[in-house]
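Asks: Dumping the structure here so I can ask a few things about it.
Residue numbers (this note's numbering): 34 to 430.
Here it is in structure tokens:
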């Protein structure tokens with residue numbers, strides 16, 4: 034749920050309504066194509082987007098060639114920034130990034146379009162978001178039979194010092210994976226991490242103002258994705274670009290985050306945020322689809338927005354309802370939230386109760402706010418899919 038408000042009085046010299054951003058979505062899903070446009074519309078900013086038919090549609094890759102031509106033909110006269118999904122630009126979308134159909138050389142050449150764009154328009158800041166491949170490929174009727182052994186292989190292969198049992202497990206599950214599927218997976222993962230390294234180099238060279246590389250769904254603290262994270266983290270440190278490059282959990286929300294960051298930079302305003310959790314354990318809870326706890330995910334998303342923590346004088350507060358919150362804590366949380374909303378305090382809500390897959394608990398937050406007459410008061414209310422998706426949506430909106 035989005036609430037349209039004007040932040041113009043709190044912003045810098047540039048009004049949000051004068052901000053115009055060219056935006057390349059991750060694919061054509063509502064969360065990745067439409068939500069960023071709705072987020073921009075909240076403060077009156079305008080997004081210029083490529084034709085819908087150029088974008089990736091589930092397993093059908095987008096038209097990267099036509100997208101490159103769209104970028105080259107952009108009228109940048111009145112643009113404030115360019116925001117680009119690297120997965121769409123390099124592979125044709127998020128799902129396409131999980132297959133090896135695009136050769137590494139082609140992916141690298143496509144992201145080099147960003148460097149050429151920067152050279153042609155050096156005053157226009159470029160914001161890019163890409164992903165680290167998730168633990169398993171996309172589930173389809175064809176892949177369903179081997180996804181579980183492939184996930185088991187990816188986890189076991191990520192062991193630092195595999196023992197005899199792990200080596201035996203690798204051999205056992207590898208035998209259950211068709212050769213073509215196995216090498217497609219290995220090839221896609223290797224290509225993706227090298228493409229991400231190319232993006233980090235572009236940030237170091239000054240072509241990119243801001244880069245976020247996020248870990249797509251991988252709810253385990255071990256596995257091949259951890260090797261990718263370490264490799265990319267080392268590249269960030271080696272090139273000294275921690276001020277421009279962020280690594281975090283997440284994926285689908287990053288279009289909203291990147292667009293919001295570009296608007297903030299264009300207007301010269303960055304928020305002060307207070308985070309209020311529903312209980313003392315809430316920050317340490319881990320989403321089954323993420324490999325880091327909720328608290329760290331929210332910290333990283335706030336950093337992506339250049340938001341500063343401020344418990345005393347925040348521009349807005351993010352209230353986070355965690356699953357399995359003890360009744361006493363939950364009651365106190367809702368009392369405080371209701372009181373603050375009734376007083377018109379600026380509050381966004383991230384409801385994470387879907388983690389427990391309990392429909393009655395998922396309904397609780399909105400039904401409680403509705404019963405108390407404050408359901409339309411939050412600046413934003415988000416509850417969908419993963420902790421990063423929900424918190425990122427609420428923060429950006």
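All C-beta atoms, glycine included, are put in the ideal place defined by N, C-alpha and C.
Keep in mind it's a predicted model, so treat the numbers as computed, not measured.
With a 10 Å radius around its C-beta and 16 neighbouring C-beta atoms as the bar for buried, classify residue 317 as buried or exposed.
Replies: Stepping through the chain shown from its first residue, residue 317 is reached at position 284. It is exposed - the Cβ of residue 317 has fewer than 16 other Cβ atoms within 10 Å.
Asks: Go ahead and label residue 330 buried or exposed: buried means 16 or more other beta carbons lie within 10 angstroms of its beta carbon, across all protein chains shown.
Replies: The sequence position of residue 330 within the chain shown is 297, counting from 1. Buried.
Asks: Less than 8 Å between the C-beta atoms of residue 158 and residue 114, yes or no?
Replies: Along the chain shown, read from residue 1 onward, the residue named residue 158 stands at position 125. Along the chain shown, read from residue 1 onward, the residue named residue 114 stands at position 81. Their beta carbons are under 8 Å apart, which means residue 158 touches residue 114 by this criterion.
Asks: Return the CA-CA distance between residue 419 and residue 381, expressed in angstroms with no decimal places.
Replies: Taking the chain shown and counting its residues from 1, one reaches residue 419 at position 386. Taking the chain shown and counting its residues from 1, one reaches residue 381 at position 348. Their backbone Cα atoms lie some 17 Å apart in a straight line.
Asks: If I follow the unbroken alpha helix (DSSP H) through residue 145, where does it start and stop?
Replies: In the chain shown, counting from the first residue as 1, residue 145 sits at position 112. Element bounds for residue 145: 137-153.
Asks: Which term fits residue 11, buried or exposed, when burial requires 16 or more other beta carbons within 10 angstroms of its beta carbon?
Replies: Examination of residue 11 is not possible in this model, given that the chain is present from 34 through 430 alone.
Asks: Since residue 179 sits in a beta bridge, which residues does DSSP pair it with?
Replies: As a working note, residue 179 is residue 146 in the chain shown. Bridge partners of residue 179: none, in fact.
Asks: What's the call for residue 108, buried or exposed, on a 16-neighbour Cβ count within 10 Å?
Replies: Along the chain shown, read from residue 1 onward, the residue named residue 108 stands at position 75. Residue 108 should be labelled exposed.
Asks: In chain order, what residues of the same chain lie with their CB nearer than 8 Å to the CB of residue 224, ignoring the 5 residues before and after it?
Replies: The residue given as residue 224 occupies position 191 in the chain shown. Only 133, 135, 136, 137, 140 meet the Cβ criterion.
Asks: Does the separation of the CB atoms of residue 144 and residue 300 fall below 8 Å?
Replies: For the purposes of this step, residue 144 is taken as the residue at position 111 of the chain shown. For the purposes of this step, residue 300 is taken as the residue at position 267 of the chain shown. Cβ atoms of residue 144 and residue 300: not closer than 8 Å.
Asks: With three or more beta-carbon pairs closer than 8 Å as the criterion, would you say the stretch 278-296 touches the stretch 240-248?
Replies: With the cut-off at 8 Å, the stretch 278-296 and the stretch 240-248 touch.
Asks: Considering Cα atoms alone, identify which of 78, 268, 416 is closest to residue 227.
Replies: Your numbering for residue 227 matches position 194 in the chain shown. Measuring from the Cα of residue 227, the nearest candidate turns out to be 268.
Asks: Once DSSP output is grouped into helix, strand and coil, what is the label at residue 342?
Replies: Numbered from its first residue, the chain shown carries residue 342 at position 309. It is a strand residue.
Asks: In this structure, what does DSSP give as the bridge partners for residue 373?
Replies: Counted from its first residue, the chain shown places residue 373 at position 340. For residue 373, which the question treats as bridged, DSSP gives no partner whatsoever.
Asks: Which same chain residues end up closer than 6 Å to residue 78 when comparing Cβ atoms and leaving out the 5 residues on each side of it in sequence?
Replies: Looking up residue 78 in the chain shown gives position 45. Here the set comprises 49, 52, 296.
Asks: Sort out for me which residues DSSP pairs residue 280 with in a bridge.
Replies: Reading the chain shown from its first residue, position 247 is the one you call residue 280. DSSP lists 246 as partners of residue 280.
Asks: May I ask you to report which of helix, strand or coil DSSP gives residue 385?
Replies: Residue numbering aside, residue 385 sits at position 352 when the chain shown is read from its first letter. DSSP places residue 385 in coil when its eight states are reduced to three.
Asks: If you run the structure through DSSP and keep just helix, strand and coil, what is residue 358?
Replies: To locate residue 358, count along the chain shown from 1; it is residue 325. Of the three classes helix, strand and coil, the one that applies to residue 358 here is coil, per DSSP.
Asks: Whole beta strand (DSSP E) runs in the stretch 254-337 with 3 or more residues, listed along the chain?
Replies: Segments of the beta strand (DSSP E) lying fully in the stretch 254-337: 278-282, 305-310.
Asks: Along the chain, where does the alpha helix (DSSP H) containing residue 50 start, and where does it finish?
Replies: The count along the chain shown starts at 1 and reaches residue 50 at position 17. Element bounds for residue 50: n/a, residue is neither H nor E.
Asks: Ignore the nearest five residues each way along the sequence and tell me which others in residue 251's own chain have a CB closer than 7 Å to its CB.
Replies: Start at 1 with the first residue of the chain shown, and residue 251 comes out as number 218. Closer than 7 Å at Cβ, skipping near neighbours: 167, 168, 258, 324.
Asks: Assign residue 232 to buried or exposed, taking buried as 16 or more other Cβ atoms, counted over all protein chains shown, within 10 Å of its Cβ.
Replies: Start at 1 with the first residue of the chain shown, and residue 232 comes out as number 199. Flag for residue 232 reads buried.
Asks: Near residue 256, what residues of its chain come up, given a Cβ to Cβ distance below 7 Å and the 5 sequence neighbours on each side ignored?
Replies: Position 223 of the chain shown, counted from the first residue, corresponds to residue 256. Cβ within range, chain order: 168, 187, 188, 191.
Asks: Give the DSSP-derived three-state secondary structure of residue 57 in the structure shown.
Replies: In the chain shown, residue 57 corresponds to position 24, counting from 1. Three-state DSSP puts residue 57 in a strand.
Asks: Roughly how many angstroms separate the alpha carbons of residue 405 and residue 209, rounded to a whole number?
Replies: The count along the chain shown starts at 1 and reaches residue 405 at position 372. The count along the chain shown starts at 1 and reaches residue 209 at position 176. Residue 405 and residue 209: Cα-Cα distance of roughly 54 Å.
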